[in-house]
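A.B. asks: All the letters of the sequence shown, read from the start, carry residue numbers 17 to 676 under our numbering.
Before I ask anything, here is the structure I am working with.
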Amino acid sequence: MALEDNIKNTIRNMAVYIKVSKDDVTLEEVKQVFENPTDKFDIHNFDGTKGDYYEMEVRGFEEGEERKAKKELLKIVDNLRKQNLQINIGQQFYSKDYDETLEVYSIREQTDPKIYLRGTDFDREVTLYKSDIVKLLNEERLKAVETPKKTLNTSLLNGFIGDLAWGNNTEMDRLKQVYLSFSPKEREFVEKNAVKEGANSIEEVSEKALSKDEKEKLENKINNFFNTVKQMETTEQKEINQQPAIDLQVGQKLHYKEDVFEVARFAKNQNGQDMVILKDPSIGTGVEIPWYRSKLEEVINSGQYNLTKPNKIEQQQNQNQEQKPQGKEIDVRSIEINIGQKFQSTENNHTFEIVGIGKEKSWDNSDTLLLNSSNGLKEISKLQMQYAVLEGRVRDITSPERELSEQQFTQLNYLKNQVKYLGLGEDSKLHKDLENAILSPEAKVTVRAEYNHPDRLMKGNTATFDLNINKTEQGGVFLNSYRANLTTKNGEERSQTFKVQKENSITAKEAINLLEGRSVKMEHDVVDKETGELSRTESFIKLNMKETKTDYGNYKYEWYNQKAYGVDVDNIMQKSNLAFADDTERERTKKHLEKGNITQVTFLHENRQVQGFAVLNPQWKMLNLYDSAMNRVTTQNQLVKPEVTQSQQKNNVPEHSISR
Numbered sequence: 017m018a019l020e021d022n023i024k025n026t027i028r029n030m031a032v033y034i035k036v037s038k039d040d041v042t043l044e045e046v047k048q049v050f051e052n053p054t055d056k057f058d059i060h061n062f063d064g065t066k067g068d069y070y071e072m073e074v075r076g077f078e079e080g081e082e083r084k085a086k087k088e089l090l091k092i093v094d095n096l097r098k099q100n101l102q103i104n105i106g107q108q109f110y111s112k113d114y115d116e117t118l119e120v121y122s123i124r125e126q127t128d129p130k131i132y133l134r135g136t137d138f139d140r141e142v143t144l145y146k147s148d149i150v151k152l153l154n155e156e157r158l159k160a161v162e163t164p165k166k167t168l169n170t171s172l173l174n175g176f177i178g179d180l181a182w183g184n185n186t187e188m189d190r191l192k193q194v195y196l197s198f199s200p201k202e203r204e205f206v207e208k209n210a211v212k213e214g215a216n217s218i219e220e221v222s223e224k225a226l227s228k229d230e231k232e233k234l235e236n237k238i239n240n241f242f243n244t245v246k247q248m249e250t251t252e253q254k255e256i257n258q259q260p261a262i263d264l265q266v267g268q269k270l271h272y273k274e275d276v277f278e279v280a281r282f283a284k285n286q287n288g289q290d291m292v293i294l295k296d297p298s299i300g301t302g303v304e305i306p307w308y309r310s311k312l313e314e315v316i317n318s319g320q321y322n323l324t325k326p327n328k329i330e331q332q333q334n335q336n337q338e339q340k341p342q343g344k345e346i347d348v349r350s351i352e353i354n355i356g357q358k359f360q361s362t363e364n365n366h367t368f369e370i371v372g373i374g375k376e377k378s379w380d381n382s383d384t385l386l387l388n389s390s391n392g393l394k395e396i397s398k399l400q401m402q403y404a405v406l407e408g409r410v411r412d413i414t415s416p417e418r419e420l421s422e423q424q425f426t427q428l429n430y431l432k433n434q435v436k437y438l439g440l441g442e443d444s445k446l447h448k449d450l451e452n453a454i455l456s457p458e459a460k461v462t463v464r465a466e467y468n469h470p471d472r473l474m475k476g477n478t479a480t481f482d483l484n485i486n487k488t489e490q491g492g493v494f495l496n497s498y499r500a501n502l503t504t505k506n507g508e509e510r511s512q513t514f515k516v517q518k519e520n521s522i523t524a525k526e527a528i529n530l531l532e533g534r535s536v537k538m539e540h541d542v543v544d545k546e547t548g549e550l551s552r553t554e555s556f557i558k559l560n561m562k563e564t565k566t567d568y569g570n571y572k573y574e575w576y577n578q579k580a581y582g583v584d585v586d587n588i589m590q591k592s593n594l595a596f597a598d599d600t601e602r603e604r605t606k607k608h609l610e611k612g613n614i615t616q617v618t619f620l621h622e623n624r625q626v627q628g629f630a631v632l633n634p635q636w637k638m639l640n641l642y643d644s645a646m647n648r649v650t651t652q653n654q655l656v657k658p659e660v661t662q663s664q665q666k667n668n669v670p671e672h673s674i675s676r
């Protein structure tokens, strides 16, 4: 035993000095390793005053093993990071098992949190415990995808601008509150781009240019919005300045109507502003919502949110109920009671139906009602029944309308906006179907949307869209994908499933363009399989209708990366001799071509200007030109019918395909 102790002491006394960049480890991580030494690795002391690196004395290594010691330290730190891994909604991991990037879309908080992920490229859903993710990261079967840091989330801000451009008066109050939560840089971006991007949003969905009057009307609407918000902010700030500071603590509950939020933690954003992170159970346990602390204190002081101490929720709810102001007095005689209505007693659950009205008035001079119950017919005065309804002693069960909760109402409005921006319009029947889908007890619901725009389809074609709505255990409702169905004039059935994402979703019109055989430009992420780094790129995609469909019943994609494959739309338009009235028309034409639209153009042909149509062909880096009767205009200056099959076209050039 003495010899063994001597060997251990000798190992402990061996030491090397290493330097580790502060970019590789944090002070907190160094402290964790320092405070938890092992027989193999022991930081005896460290110095953090050396500028951009830490200098450490590490015991357990001989002279010349500095690189080995540094490598061991970084390995320990990496394991610590995985153990302390914070997983958030939207986080992405590259899976070697699936050869696909998976994105977190919901989290269920428990002892070992359950993480719900879905594929970014295929309709794949995966559920893992946090411990599973840590294990897979250690085994290098999963790799965290490092998304590029952005100063501004321009996609989110452009989405807000779109809401602002489309929003009606009832939506403006919500948009004002959203705008007030933005940082100064975010507000600056919105104000600078609101008119231009708002007009683009309307033009893209409606697929027509705004008139001068429409643009002026939109500009006035947006300017009025900003002026109103600034006035409101000035007034609120004066009131807030008179309010005492709020002592927020982790675990405190915030009540907003029927919802309860919890203060999860505090943080600072990249600009150094104080943030309060709330947990929102209405869209999934563990989903985090960041608030600017100053803004949260404002809404608490305004009375919109009620603040309670931890574990006092029921007490506060009771108190709120007691303090609820009495509503306007109801005229009991205004309560409608009609033949055919069914009621249930709240005392004994007995049910009865109004089956008739007697000829004689009742003693209180109201009508006499005939009730049919399990005990037979009975007479009662209408006024008595009205008082019973008013006082809650009976309730109407004739055709109980299922009402949306506050949470479901918000979810419905979000779905309405999603389908609108997908280009499916604001049809009242579709809205009702979406509402029924939310109220349905089923976890997965499909809603059929009719596409009533024959002018946006090739002549004789028809289209429908099946919206795939999923629900989580925590009450979240998501439009994850939709299936576009196209029937050609010849009766051929074509269909494809498209994901609905936070940004860059394929619109309904773009889906039709793809199913009609044209190419569409899209922005997408590319993951470096070696480094796990994520970069943004643009490609033209086309459905390969020649090959067998995938196991999910979808056509495979052909990919033509704009840079790697060399698709220069400006150059293609120039070589095709297109003529434009001005730069605005040039940009609008370019945008329509990139979306895969059959685009009306003017081009030079046989030394004269021809009014016709164009379709972008990124595979051949050219435009397919047609005259006004949709006859193909060839490079040999001959007019031929465009009845050229896709397989014939593809045989003319080498096939260029990139597997996704």
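Even for Gly, the Cβ is constructed at its ideal location relative to N, Cα and C.
These figures come from a predicted structure and were not determined experimentally.
Let me know the secondary structure DSSP gives H621 once reduced to three states.
C.D. replies: Note: H621 maps to strand in three-state DSSP.
A.B. asks: Mark I238 as exposed unless 16 or more other C-beta atoms lie within 10 angstroms of its C-beta, in which case mark it buried.
C.D. replies: Looking at its Cβ environment, which holds 16 or more other Cβ atoms inside 10 Å, I238 is buried.
A.B. asks: How should T54 be labelled, buried or exposed, when 16 other C-beta atoms within 10 angstroms of its C-beta is the threshold for buried?
C.D. replies: Label assigned to T54: exposed.
A.B. asks: With distances taken between CB atoms, is the gap from S511 to N496 smaller than 8 Å?
C.D. replies: No.
A.B. asks: Pull up the CB-CB distance for L270 and L323, whole angstroms please, since I reckon it's below 8 Å.
C.D. replies: About 6 Å; that satisfies the 8 Å criterion.
A.B. asks: Note down, in chain order, each residue of its chain lying with its Cβ closer than 8 Å to the Cβ of L531, except the 5 sequence neighbours on either side.
C.D. replies: Here the set comprises A479, A500, L502, R510, S511, Q512, L559.
A.B. asks: Which partner residues does N61 have in the DSSP bridge list?
C.D. replies: Partner(s): E73.
A.B. asks: Could you tell me the boundaries of the alpha helix (DSSP H) in which H608 lies?
C.D. replies: Residues 599-610.
A.B. asks: So which of D471, N506, Q578, L43 has the shortest CA-CA distance to T615?
C.D. replies: When only C-alpha atoms are compared, the closest one is D471.
A.B. asks: With C-beta atoms as the reference, is E82 less than 8 Å away from I34?
C.D. replies: Taking 8 Å as the Cβ cut-off, E82 and I34 qualify as a contacting pair.
A.B. asks: Who are M638's beta bridge partners in DSSP?
C.D. replies: Answer is N633.
A.B. asks: With three or more C-beta pairs closer than 8 Å as the rule, is the region 569-577 touching the region 619-626?
C.D. replies: No, they do not touch.
A.B. asks: Give me, in chain order, the residues of the same chain whose beta-carbon lies closer than 6 Å to that of V405; leave out the 5 immediate sequence neighbours on both sides.
C.D. replies: Only I351 meet the Cβ criterion.
A.B. asks: Buried or exposed: which applies to Y430, given that a residue is buried once 16 or more other Cβ atoms fall within 10 Å of its Cβ?
C.D. replies: Result: exposed.
A.B. asks: Helix, strand or coil, according to DSSP, for H271 in the structure here?
C.D. replies: Note: H271 maps to strand in three-state DSSP.
A.B. asks: Short of 6 Å in beta carbon distance, which residues of its chain neighbour N640, apart from the five on each side in sequence? Order them along the chain.
C.D. replies: If we look at N640 and ignore the five residues flanking it on each side, its Cβ neighbours are V631, N633.
A.B. asks: Tell whether a beta-carbon distance below 8 Å holds between E45 and L96.
C.D. replies: Contact flag set, yes.
A.B. asks: By the DSSP assignment, the beta strand (DSSP E) with G507 in it spans what residues?
C.D. replies: Unbroken run through G507: none, as it is neither H nor E.
A.B. asks: Residue ranges of each beta strand (DSSP E) run of no fewer than 3 residues wholly in the region 552-589, ordered along the chain?
C.D. replies: Taking only runs of at least 3 residues, the beta strand (DSSP E) segments lying wholly in the region 552-589 are 572-577.
A.B. asks: Can you tell me which residues form a DSSP beta bridge with V461?
C.D. replies: BP columns for V461 point to I485.
A.B. asks: How far does the beta strand (DSSP E) with H540 in it extend, from its first residue to its last?
C.D. replies: Taken as a continuous stretch (DSSP letters only), the beta strand (DSSP E) holding H540 covers 536-543.
A.B. asks: Out of Y321, L393, I413, which one is the CA nearest neighbour of I353?
C.D. replies: Closest by alpha carbon: I413.
A.B. asks: For G267 and S122, what's the separation of their Cα atoms in angstroms?
C.D. replies: Whole-angstrom Cα-Cα distance: 21 Å.
A.B. asks: Is the beta carbon of K401 less than 8 Å from the beta carbon of L385?
C.D. replies: Reading off the sequence, residue 401 comes out as Met, not Lys. Closer than 8 Å, so yes.
A.B. asks: Alpha carbon to alpha carbon, how far is R534 from N613? Give it in angstroms, no decimals.
C.D. replies: The straight-line gap from Cα to Cα measures roughly 8 Å.
A.B. asks: Residues in its own chain within less than 6 Å of E71 by CB, not counting five upstream and five downstream?
C.D. replies: Once the five neighbours on either side are set aside, the close Cβ partners of E71 are K35, D63.
A.B. asks: Look at A215 and L226 and say whether their C-beta atoms are less than 8 Å apart.
C.D. replies: Contact flag set, yes.
A.B. asks: DSSP puts D290 in a beta bridge; with which residues?
C.D. replies: D290 pairs with K284.
A.B. asks: I'd like to confirm the pairing. Which residues does DSSP put opposite W307 in its beta bridges?
C.D. replies: W307 pairs with V292.
A.B. asks: Drop a sphere of 10 angstroms on the beta-carbon of A465, count the other beta-carbons inside from all chains shown, and report buried for 16 or more, exposed for fewer.
C.D. replies: Classification of A465: buried, given that the 10 Å Cβ count is 16 or more.
A.B. asks: Under a CB-based cut-off of 8 Å, is S644 close to chain C?
C.D. replies: Reference to chain C is not applicable here, since this structure consists of a single protein chain.
A.B. asks: Report the start-end ranges of each alpha helix (DSSP H) in the region 413-444 that is 4 residues or longer and not cut off at the edges.
C.D. replies: Counting whole runs of 4 or more residues, the region 413-444 contains the alpha helix (DSSP H) stretches 422-435.
A.B. asks: How is the alpha helix (DSSP H) around Q360 delimited, first residue to last?
C.D. replies: Per DSSP, Q360 belongs to no alpha helix (DSSP H); it is in the beta strand (DSSP E), 358-361.
A.B. asks: Could you tell me which of V206, V461, N529, Q427 sits nearest to M474, measuring between CA atoms?
C.D. replies: Considering only alpha carbons, the answer is N529.
A.B. asks: Can you tell which of T605, T547, V74 has the C-alpha that lies nearest to the C-alpha of K159?
C.D. replies: Comparing Cα positions, the closest option is T547.
A.B. asks: Classify R349: buried if its beta carbon has 16 or more other beta carbons within 10 angstroms, exposed otherwise.
C.D. replies: Label assigned to R349: exposed.
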